[in-house]
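Top to bottom, those sequences are chains A and B.
Count the first sequence with my numbering and you get residues 12 to 81, in order.
Count the second sequence with my numbering and you get residues 2 to 153, in order.
Written out below as structure tokens is the structure these notes cover.
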Amino acid sequence: MKTRMKELRKKHGLTQEDLAREVGVRRETILFLEKGKYNPSLQLAHDVAETLGNSIEEVFIFEKSKKKGR
Amino acid sequence: MRRKDGKTRLNDKDKFRVLLGLMVSVLVVFSIGAWSSFSSMESIISGESLNMIAAFILAGAAIYYVWDRKRDVDAGMPFEDEFSKKTMYKAGYYAYFASMYSGLAISMFDDSVARLIGVPMLEAHTAVGMTILVSAMVFFGVVFKQKIKGDV
């Protein structure tokens, strides 16, 4: 999953550590979210988006599901 | 729990975990030190040394793990979050299967292969220790793999 987290975080002048502190997670979680190497829970996605002042869809770019029937 | 200066503080449950992790690691390192001081060269050179080396590495991994978490807390971040919990669950899952299959493999080796090829059978405490160490190495292997590559 791709994200615009890094771009939006820098726009707000936040470091990864600052964002982690605001959201209430560890820095490595923010690192892996930005790299698209971790899919957050809905709650975490909401908290990140809310902290960055954007909607979930603006922060996280969802790809079309590859599962059959979708 | 966040203090007025914005930094978080370990709650009692996390303090217990940190303390327990450190105590176990120190105990393991102390045991290895005592063993190597009092053991003969023969037993050090034998297979027992592999167990001890693995235990030493695991103690180091545990200390690093606890230190890493404490550093995050001191920087104002939580002791654990959903990513770290998921990592623990995944590591525990694989470690469980590793302990099961390594225990089985070691007992089969002792029962069948050791006699066939004429090597001495493993002592019970060595076999148990090896099973535990395999499980612990798989556990920390998964934890560190997640730390490097994320949850993919």
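A virtual CB, placed ideally from N, CA and C, is assigned to each residue, including glycine.
Nothing here was measured: the structure is a model prediction, and the numbers come from that model.
Would you decide whether ILE41 (chain A) is buried or exposed? Buried here means 16 or more other CB atoms lie within 10 Å of its CB.
buried
Please state whether the Cβ-Cβ distance between ALA60 (chain A) and SER66 (chain A) is less than 7 Å.
yes
Could you work out which residues of chain A lie near ALA1 (chain B), taking near to mean beta carbons separated by less than 7 Å?
In the structure displayed, chain B extends from 2 to 153; residue 1 (chain B) sits before or after that span and is not available.
In or out: GLN147 (chain B) buried (at least 16 other Cβ within 10 Å) or exposed?
buried
May I have the straight-line CA-CA distance separating THR26 (chain A) from GLU33 (chain A), to the nearest angstrom?
Straight-line Cα distance between these residues: approximately 11 Å.
What does LEU55 (chain A) touch in chain B if you count any residue whose Cβ is under 7 Å from its own?
GLU83
Can you give the Cα-Cα distance for LYS87 (chain B) and VAL143 (chain B), rounded to whole angstroms?
11 Å
Rounded C-alpha distance that separates GLU151 (chain B) from LEU19 (chain A)
Before going on, a small fix: residue 151 (chain B) reads as Gly here, not Glu. Rounded to whole angstroms, GLY151 (chain B) to LEU19 (chain A) spans 21 Å at the Cα level.
Hey, does THR40 (chain A) have any beta-carbon neighbour from chain B nearer than 7 Å?
yes
Just verifying my parser: in three-state terms, what is the DSSP assignment at LYS13 (chain A)?
strand
Counting along the chain, where does the alpha helix (DSSP H) carrying LYS139 (chain B) start and finish?
Here the sequence assigns Val to residue 139 (chain B), which means Lys is not the residue at that position. Run containing VAL139 (chain B): 125–150, per the alpha helix (DSSP H) assignment.
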